Amino acid sequence: MLLFCKVSVVTLAAFLRVPLVAAQLPAVPSQAKVTPLGIVLVEPEAVTPAAVSQWKQERFNAVAVVLDERTAEARYRELARHISDGGLDLYCWIEVARNPRLAAAHPRWMAALGSHEDWQRNFKNFPKPGVGEVAKAFPWVPIGYREAFDAHLARIEQLLKRAPPGWRGLLLNDLQAGPSSCGCGNLQCRWAIDYRVPPTATKLDGYDVAARFVAEVRKRAVDKTVIPVWTTECEEADLPADKHQGKPGTGLCGTVGCAIGTCPEAFTRQWSALASAHGGPLGLLTLHTALQRTQKEFGGGPGWVTNAIAYLDKTLAAKGGKAISADRLWVVVEDTRNAQAVTARELATKAGVGSVIVARAKIDQSFEPRMISAK
Ligand SMILES: [Zn+2]
Ligand SMILES: [Zn+2]
Numbered sequence: 006m007l008l009f010c011k012v013s014v015v016t017l018a019a020f021l022r023v024p025l026v027a028a029q030l031p032a033v034p035s036q037a038k039v040t041p042l043g044i045v046l047v048e049p050e051a052v053t054p055a056a057v058s059q060w061k062q063e064r065f066n067a068v069a070v071v072l073d074e075r076t077a078e079a080r081y082r083e084l085a086r087h088i089s090d091g092g093l094d095l096y097c098w099i100e101v102a103r104n105p106r107l108a109a110a111h112p113r114w115m116a117a118l119g120s121h122e123d124w125q126r127n128f129k130n131f132p133k134p135g136v137g138e139v140a141k142a143f144p145w146v147p148i149g150y151r152e153a154f155d156a157h158l159a160r161i162e163q164l165l166k167r168a169p170p171g172w173r174g175l176l177l178n179d180l181q182a183g184p185s186s187c188g189c190g191n192l193q194c195r196w197a198i199d200y201r202v203p204p205t206a207t208k209l210d211g212y213d214v215a216a217r218f219v220a221e222v223r224k225r226a227v228d229k230t231v232i233p234v235w236t237t238e239c240e241e242a243d244l245p246a247d248k249h250q251g252k253p254g255t256g257l258c259g260t261v262g263c264a265i266g267t268c269p270e271a272f273t274r275q276w277s278a279l280a281s282a283h284g285g286p287l288g289l290l291t292l293h294t295a296l297q298r299t300q301k302e303f304g305g306g307p308g309w310v311t312n313a314i315a316y317l318d319k320t321l322a323a324k325g326g327k328a329i330s331a332d333r334l335w336v337v338v339e340d341t342r343n344a345q346a347v348t349a350r351e352l353a354t355k356a357g358v359g360s361v362i363v364a365r366a367k368i369d370q371s372f373e374p375r376m377i378s379a380k
């Protein structure tokens, strides 16, 4: 059989007058996955010539650098030189919704913790909202309010002025609502704006707010790729036992059953609006520690990246949403080099995604409650 194959390839090569190596190409199994683009995500201060050569040895193709106000334009120019001298590509990463400066300056633009009170179990010393008060998730300022949408666009426009020459793409993190958006306490519950609580800013209607925001950023980023980074919602394992046939779970949603309620519906509509309007890559944030996905018995730990991708496939299929091909998916994973036998990077690579972004910058997803007057 082996001989037969070998002869037939040689014969075919001779017949087609093509080099043998080319004729052998189809012999590669068709299910073989293309190596994803490897990106290491770092803070600007981490970029040195030595670090760049180390990243190259680790088979990274590109470096994504956090673009923010703390770092001057001159430093970005310098680090871009180190990266291009080392033969790697450069991407920029902007944290959008989680912004302490904006939250402190405009508390009324902060994301509300929805009307469920389950988030309070994690903040026992925090007073319950009184009459005329609304609890907010500091320092989250989501683009779902008109005022914040405009402020974030203006900020990005300013930040892009300090982006160094030669950058290839811009990753935009946190374009959904704030964490615990229904009030369940789960950091991944991102679908709602002002869930049954009084608004303190102008809510934008529609499921396509992120799609519209990305379109505006693309105008400002001209010829560069813009990659929105998305987060999956509450999972079935987060359901309380009494809403899950008595099964034990993560407890992340407290007593709330949103994981099989509005979460997947709204997730599907928001994701689909984005995936339809935006033809490029879509990012998926799968940082298991930052998102409190550490309980291995419920699919947490480094393996959670696989579950997050499965959530996407399963939810979109069940709710009639817009799926995208795996190569359009750019997955952000935690750096688990030293701690784990099988790393999150390897698992994401196995899933056949277009890019694996290993986060060595701190991407915080936490919040603290703040009370403000709703009037
Ligand atoms: Zn919820
Ligand atoms: Zn939820």
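The numbering used here puts the sequence shown at residues 6 to 380. Every residue, glycine too, gets a C-beta built ideally from N, C-alpha and C. Remember, predicted model here, so these are calculated numbers, not experimental data.
query: Enumerate in chain order the residues of its own chain whose CB-to-CB distance from Val12 is below 7 Å, with the five nearest sequence positions on each side excluded.; result: For Val12, the pLDDT reaches just 35, beneath the cut-off of 50, and the residue's location in the model is therefore unreliable, although a value from the coordinates is still provided. So no residue of the chain qualifies.
query: Who's in the neighbourhood of ligand 1, going by beta-carbon under 6 Å from any heavy atom, listed in chain order?; result: Cys187, Cys189, Asn191, Cys194, Cys239, Cys258, Val261 and Cys263
query: Give me the Cα-Cα distance between Ala116 and Asn104, rounded to the nearest whole angstrom.; result: 11 Å
query: With distance defined between alpha-carbon atoms, name the residue in Cys263, Tyr96, Glu373 and Val361 nearest to Phe128.; result: Glu373
query: If you reduce the DSSP assignment to three classes, tell me which class Lys133 lands in.; result: coil
query: State the beta-bridge partners of Arg375 as determined by DSSP.; result: Lys141
query: Residues in its own chain within less than 7 Å of Gly304 by CB, not counting five upstream and five downstream?; result: Ala242 and Asn312
query: Could you tell me whether any non-hydrogen atom of ligand 2 is closer than 7 Å to the CB of Cys268?; result: yes
query: Are three or more beta carbon pairs between the region 153-169 and the region 97-112 nearer than 8 Å?; result: yes
query: Nearest chain D C-beta to Ala353 closer than 8 Å, yes or no?; result: Although the question refers to chain D, the structure presented lacks it and comprises just one protein chain.
query: According to DSSP, simplified to helix, strand and coil, what is Glu63?; result: coil
query: Have a look at Gln62, Thr320, Pro286 and Thr294 and flag the residue whose alpha-carbon is nearest the alpha-carbon of Ala349.; result: Thr294
query: Lys381 and Thr273: beta carbons closer than 8 Å?; result: No answer is possible for residue 381: it lies beyond the span of the chain, which begins at 6 and ends at 380.
query: In whole angstroms, give me the CA-to-CA distance for Thr53 and Ala102.; result: 29 Å
query: Measure the alpha-carbon distance for Asp199 versus Tyr150 and round it to whole angstroms.; result: 10 Å
query: Judging by CA-CA distance, which residue of Arg82, Pro269 and Ile362 is the nearest neighbour of Glu50?; result: Arg82
query: Closer than 8 Å is the cut-off here; do at least three beta carbon pairs connect the region 121-139 with the region 244-261?; result: yes
query: Of all the options Ala182, Pro233 and Arg75, which has the alpha carbon lying nearest to the alpha carbon of Cys268?; result: Ala182
query: Of the residues Asp213, Leu317, Lys229 and Leu209, which one's Cα is nearest the Cα of Leu174?; result: Note that residue 174 corresponds to Gly in the displayed sequence, not to Leu. Nearest of Asp213, Leu317, Lys229 and Leu209 to Gly174, Cα basis: Lys229.
query: Quick test of the definition: if touching needs 3 or more C-beta pairs under 8 Å, does the region 295-302 touch the region 211-231?; result: no
query: What's the call for Gly284, buried or exposed, on a 16-neighbour Cβ count within 10 Å?; result: exposed
query: What does the alpha-carbon distance come out to for the pair Leu244 and Gly308?; result: 20 Å
query: Applying the 10 Å Cβ sphere with the 16-neighbour rule, what's the burial state of Gly251?; result: exposed
query: Report all residues from its chain with a CB closer than 7 Å to the CB of Gly188; omit the five preceding and five following residues, and keep chain order.; result: Leu118, Gly119, Ser120, His121, Glu122, Asp123, Trp124 and Tyr200
query: So, is Pro233 buried or exposed, given that buried needs 16 or more other C-beta atoms within 10 angstroms?; result: buried
query: Look at the alpha carbon of Leu192 and the alpha carbon of Gln370, and state the distance between them as a whole number of angstroms.; result: 7 Å
query: Taking just the CA atoms, how far does Ala77 sit from Ala328?; result: 39 Å
query: Check the DSSP bridge columns for Trp235 and list the partner residues they point to.; result: Leu289
query: What whole-angstrom Cβ distance do Leu42 and Asn66 have, given they're in contact under 8 Å?; result: 5 Å
query: Quick one: what does DSSP say Leu42 is sitting in, helix, strand or coil?; result: strand
query: In three-state terms, what does DSSP make of Ser89?; result: helix
query: What are the start and end residues of each continuous alpha helix (DSSP H) run of 4 or more residues lying completely inside the region 201-235, in chain order?; result: 214-226
query: So what does DSSP say about Asp199, is it helix, strand or coil?; result: coil
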